[in-house]
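Asks: Next up is a structure, given as structure tokens.
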Amino acid sequence: EPEVTQTPSHQVTQMGQEVILRCVPISNHLYFYWYRQILGQKVEFLVSFYNNEISEKSEIFDDQFSVERPDGSNFTLKIRSTKLEDSAMYFCASLNLGVQGQYFGPGTRLTVT
Amino acid sequence: AQSVAQPEDQVNVAEGNPLTVKCTYSVSGNPYLFWYVQYPNRGLQFLLKYITGDNLVKGSYGFEAEFNKSQTSFHLKKPSALVSDSALYFCAVRDGGNMLTFGGGTRLMVKP
């Protein structure tokens, strides 16, 4: 069964550094998403991406965040200047048709020190 | 704004017994409802969904969920629990948009 993959599985960075989290969605999917889960808290929506542009974003997704689909297979989340509170598990998801369930990757654990 | 509540942080059940994991939701339009399961060090795996039609939805691994519009609930059920069902379960809702809103999760512990 096709899967969403994410790299790295764990990223440690210093406060103020830029990080890029990478995702390879399922190949025929058209909608792409990033979610995050701070330890012990709910999974929170960050952003959705369709047709090479952001279709929806949450209030968490401020100017420090950006997404890109640079080459038709990868889908990246960039945090320009990380803060301690950005430490979380970041999940990528993709979707083919609008009413189906989103398929999630295994997540990248980001630790900001 | 849409929201999801999972009132139980943990549900304990003996293997072979039926299980229920509760979920209630709030959404302005017609709800699209989902259950996901998370095993340790794994991503969220899609279990089942309700979009429209029959209120009883069957999903993966023998799980089912019942949509109850009057009670705004979408409880997850399984007639006979397995130890391997032990995991973290998330209920989620969408309105017509893209954004999934998740509940806080319920840890299911199935004991032999």
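Sequences listed follow chains W and X, in order. Using this note's numbering, the first residue of the first sequence is number 71, and each one after it goes up by one. Using this note's numbering, the first residue of the second sequence is number 68, and each one after it goes up by one. Glycine is no exception: its CB is placed at the ideal position from the N, C-alpha and C atoms.
Taking a cut of 8 Å between CB atoms, which residues from the stretch 125 to 140 of chain W lie near chain X?
Replies: The residues in question are Ser-125, Glu-126 and Ser-128.
Asks: Using 8 Å as the threshold, is the C-beta distance between Gln-112 of chain X and Tyr-103 of chain X below it?
Replies: As a position in the second sequence, residue 112 of chain X is number 45, starting the count at 1. As a position in the second sequence, residue 103 of chain X is number 36, starting the count at 1. Against a cut-off of 8 Å, the Cβ pair of Tyr-103 of chain X and Gln-112 of chain X comes out as a contact.
Asks: Should Glu-75 of chain X and Thr-139 of chain X be called a contact, given that it needs their Cβ atoms to be closer than 8 Å?
Replies: Residue numbering aside, residue 75 of chain X sits at position 8 when the second sequence is read from its first letter. Residue numbering aside, residue 139 of chain X sits at position 72 when the second sequence is read from its first letter. Going by C-beta atoms, Glu-75 of chain X is not nearer than 8 Å to Thr-139 of chain X.
Asks: Name the chain X residues whose beta carbon is nearer than 8 Å to that of Phe-145 of chain W?
Replies: As a position in the first sequence, residue 145 of chain W is number 75, starting the count at 1. Those within 8 Å of Phe-145 of chain W in chain X number zero; the least Cβ separation is about 14 Å.
Asks: Going by the beta-carbon positions, is the gap between Phe-102 of chain W and Gly-110 of chain X smaller than 8 Å?
Replies: Along the first sequence, read from residue 1 onward, the residue named residue 102 of chain W stands at position 32. Along the second sequence, read from residue 1 onward, the residue named residue 110 of chain X stands at position 43. No, they are not a contact pair.
Asks: Just to make sure I have the definition right: I need the residues of chain X whose C-beta is within less than 9 Å of the C-beta of Ser-118 of chain W. Which are they?
Replies: Sequence index remark: in the first sequence, residue 118 of chain W carries index 48 (1-based). Result: Gly-164, Asn-165 and Met-166.
Asks: Output, in sequence order along the chain, the residues in the stretch 134 to 148 of chain X whose CB is closer than 8 Å to any CB in chain W.
Replies: Result list empty, no residue passes.
Asks: On the DSSP letters alone, give me the boundaries of the beta strand (DSSP E) that Lys-178 of chain X sits inside.
Replies: Looking up residue 178 of chain X in the second sequence gives position 111. Taken as a continuous stretch (DSSP letters only), the beta strand (DSSP E) holding Lys-178 of chain X covers 173 to 178.
Asks: Quick one: which chain X residues come within Cβ less than 8 Å of Pro-176 of chain W?
Replies: Numbered from 1 along the first sequence, position 106 holds the residue referred to as residue 176 of chain W. Asn-108, Arg-109 and Gly-110, listed in chain order.
Asks: When the distance is taken between beta carbons, is Phe-101 of chain X closer than 8 Å to Leu-143 of chain X?
Replies: Locating residue 143 of chain X in the second sequence gives position 76, where the first residue counts as 1. Locating residue 101 of chain X in the second sequence gives position 34, where the first residue counts as 1. No, they are not a contact pair.
Asks: At a CB-CB cut-off below 7 Å, which residues of chain W make contact with Gly-171 of chain X?
Replies: Reading the second sequence from its first residue, position 104 is the one you call residue 171 of chain X. Here the neighbours are Lys-112.
Asks: Suppose the cutoff is 7 Å on Cβ atoms and the five residues either side in sequence are ignored; what does the same chain contact list for Ser-143 of chain W look like?
Replies: To locate residue 143 of chain W, count along the first sequence from 1; it is residue 73. For Ser-143 of chain W, where only same-chain residues beyond five positions count, the Cβ hits under 7 Å are Val-94.
Asks: Indicate, with yes or no, if the ligand PLP has a heavy atom lying under 7 Å from the CB of Tyr-101 of chain W.
Replies: For the ligand PLP, the structure offers nothing, since it holds no ligand at all.
Asks: Can you name the residues of chain X whose CB is closer than 7 Å to the CB of Tyr-173 of chain W?
Replies: In the first sequence, the residue the question calls residue 173 of chain W occupies position 103. The answer, in chain order, is Phe-113.
Asks: Using only alpha-carbon positions, find the residue among X:Asn-135, X:Phe-134, X:Phe-130 and X:Lys-178 that is nearest to Ser-153 of chain X.
Replies: Position 86 of the second sequence, counting from 1, holds the residue named residue 153 of chain X. The shortest C-alpha separation from Ser-153 of chain X is found at X:Lys-178.
Asks: Check whether the Cβ atoms of Thr-83 of chain W and Thr-146 of chain W sit closer than 8 Å, and answer yes or no.
Replies: Your numbering for residue 83 of chain W matches position 13 in the first sequence. Your numbering for residue 146 of chain W matches position 76 in the first sequence. No, these two residues do not count as a Cβ contact at 8 Å.
Asks: If you measure beta-carbon to beta-carbon, which residues of the stretch 80 to 103 of chain W are closer than 9 Å to chain X?
Replies: So the list reads Tyr-101 and Tyr-103, given in the order they occur along the chain.
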